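The block underneath contains the structure these notes are about, expressed in structure tokens.
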Amino acid sequence: MTVYSPPPDKPEERACLVGVKLPGATYEQEKENLQELGQLASTAGAEVVETIIQQRTRVDGATYIGKGKIEDIERLVQDKGLNLVVFDDDLSPAQARNIENLVKVNVIDRTELILDIFSRRARTRQAKLQVEIAQLNYALPRLKRLWDHLSRQAGGIGTRGPGETQLEVDRRRVRERILFLKKELEKISKRVGERRKNRKDVFNATIVGYTNAGKSTLLNRLSGAGVLESGQLFSTLDSISRKVGLPDGEEFVLTDTVGFIRKLPTHLVASFRATLIDVAEADLLLHLVDVSSPLFEDRILIVNDVLGKVLKESGGQGKTLKIPTIVVFNKTDRETGKKAVAAALKSYPASASISAAKGDGIDTLLGMIKGQIDRNRVKARVELPVSDGRTIAFIESSARILERTVEEETIRFVLITDKKDIGKIEKAGNVRVTILPHDPNGI
Ligand SMILES: Nc1nc2c(ncn2[C@@H]2O[C@H](COP(=O)(O)OP(=O)(O)OP(=O)(O)O)[C@@H](O)[C@H]2O)c(=O)[nH]1
Ligand SMILES: [Mg+2]
């Protein structure tokens, strides 16, 4: 198997990064992409010693980059004592094997690197299961390398028999393990789902965004949660929810989620479906963007693309459009952020700008969230018989009550509640509901 997993006691991985600039991409873009790959590599514990970008009209079927460049890498491996080559693009199993045979050190691609980081970062059982499923799915078509290796040992390429049988056995075992893990994951997801139900009545806002955008910093800023913030990529894998209080004392639930990245492995998107359920069920998405990055616009598109996949995976096809979203430009305290933010705010109508680290713009953002909460609600006068204990109990537990008067057999409320709850109240017999005008300062 080629799943990359250096032993924890051997952090001395010296890596060469390799990118290809194809027609249509700019050199600048490719440089930024490789810088991100470098961040991924150092997050995984490797030291980036060399970076190579080759300009090509198309990739080489057998070795991805040209033979000459491969020879350059072979020399670098010797001269600089490198022991890892990381490609920014996904390699086919055959390409990885061909290159490895030539450079004679470990060759991995972006997907393997990301899977490795996820597996190191996973803390909860749910995250661990999700990562292992993604890793096994990735490894499945690559088991052939294991078989090749075995059959060479057995004395001849092309020998039928034990080698091939072994491969089939290996594949079956991997598939069985995937099935087993999926079942385990389902059990856990059900339990998590039960817990989520208790939050259904509260307004749920979920922070989504590119990795390192500052999502955890924003959650900490608003709730004092003490979640890990770091310059490393994928600090957060499990969703974390906290209550946030608004200035008028009202509360909503804010959830921090796993970050997305360019070329996020599809297997990961699929297996993180359970974790990302917070996205599918949110009342509001806060799409956090690091506006100080020159690639912020590309990253918005990448995040939207992954969101589309996540929502499709969750069975809510086309739901993306239905969840109201505020684009939040972060890191405006940085020089590059300051420069870019005015134009960015103009291009994205429902947007806000903040510095999660310094606290700028937070009040305005909270005001916008409050506006979204209020859009889901109505102010109403509700009259019903005092004998209807059930409906009264429902009103008292779900609505914000502004006035309560009892006159003989009738109880009268003036209240603020969710539109959907008004529907439920109306269904009880003998109830009179009058919708009152929206008071812009009152709610
Ligand atoms: N200058 C500046 N840095 C910030 C700001 N917000 C966050 N950061 C920094 O950006 C880095 C990433 O922040 P996190 O909050 O961990 O980002 P994240 O989006 O949760 O990242 P992942 O969980 O890895 O996806 C940290 O080093 C933060 O200190 C900001 O407003 N200004
Ligand atoms: Mg985080």
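Position in the sequence shown (first residue = 1) + 795 = our numbering.
We put the beta carbon where it would ideally sit given N, CA and C, even for glycine.
Treat the numbers as computed from the prediction; the structure is a model and nothing was measured.
*State buried or exposed for Y1005, treating a residue as buried only when at least 16 other CB atoms are found within 10 Å of its CB.*
Residue environment: Y1005 is assigned as buried (16 or more neighbouring CB atoms within 10 Å of its CB, all protein chains considered).
**Prompt:** From Q849 to R1037, what does the alpha carbon distance come to, in whole angstroms?
**Reply:** Each residue's alpha carbon lies about 46 angstroms from the other.
**Report entry** heavy atom of ligand 1 below 6 angstroms from S1088 C-beta
**Finding:** Because no heavy atom of ligand 1 lies under 6 angstroms away, the Cβ of S1088 does not count as near it: no.
I want to know whether the stretch 1132-1148 touches the stretch 1167-1186 - three or more CB-CB distances under 8 angstroms. Because the criterion of three Cβ pairs below 8 angstroms is not met, the stretch 1132-1148 and the stretch 1167-1186 do not touch.
F882 lies in the beta strand (DSSP E); which residues open and close that run? For F882, the uninterrupted beta strand (DSSP E) run begins and ends at L879 to F882, by DSSP.
Quiz item: What is the DSSP secondary structure of V900, counted as helix, strand or coil?
Solution: In the displayed model, V900 falls within coil according to three-state DSSP, outside both helix and strand.
Are there 16 or more other CB atoms within 10 angstroms of the CB of N893, so buried, or fewer, so exposed? With 16 or more other Cβ atoms from the protein chains shown falling within 10 Å of its own Cβ, N893 counts as buried.
Original post:
Which class does S946 belong to by DSSP, given the choice of helix, strand or coil?
Top reply: Since pLDDT at S946 reaches only 42, below the 50 mark, its modelled position is unreliable, and no value is offered.
**Asked** Apart from the five residues on each side of it in sequence, which residues of its chain come closer than 6 angstroms, Cβ to Cβ, to I912?
**Response** T838, A839 and F1029, listed in sequence order.
**Q.** Any non-hydrogen atom of ligand 1 within 6 angstroms of R1094 CB
**A.** No, Cβ of R1094 sits at least 6 angstroms from all heavy atoms of ligand 1.
Review point. Where are the alpha helix (DSSP H) runs, 4 residues long or more, that stay fully inside the stretch 1178-1208, in chain order?
Key: Entirely contained in the stretch 1178-1208, the alpha helix (DSSP H) runs reaching 4 residues are, in chain order, 1184-1193.
Cα-Cα separation, Q921 to L980: One C-alpha to the other measures close to 6 angstroms.
(Q) Do V902 and L877 have their beta-carbon atoms positioned less than 7 angstroms apart in this structure? (A) No, Cβ-Cβ distance for L877 and V902 is not below 7 angstroms.
Exercise. In three-state DSSP terms, what is E866?
Worked result: Of the three classes helix, strand and coil, the one that applies to E866 here is helix, per DSSP.
Original post:
How many Å lie between N1007 and A1145 at the Cα?
Top reply: Roughly 22 angstroms separates the two Cα atoms.
- Message: Suppose you measure from the CA of I860 to the CA of N1015; what does that come to, to the nearest Å?
- Response: Whole-angstrom Cα-Cα distance: 44 angstroms.
Original post:
Does the beta carbon of R870 fall short of 6 angstroms from some heavy atom of ligand 1?
Top reply: No, since every heavy atom of ligand 1 falls outside the 6 angstroms radius drawn around the Cβ of R870.
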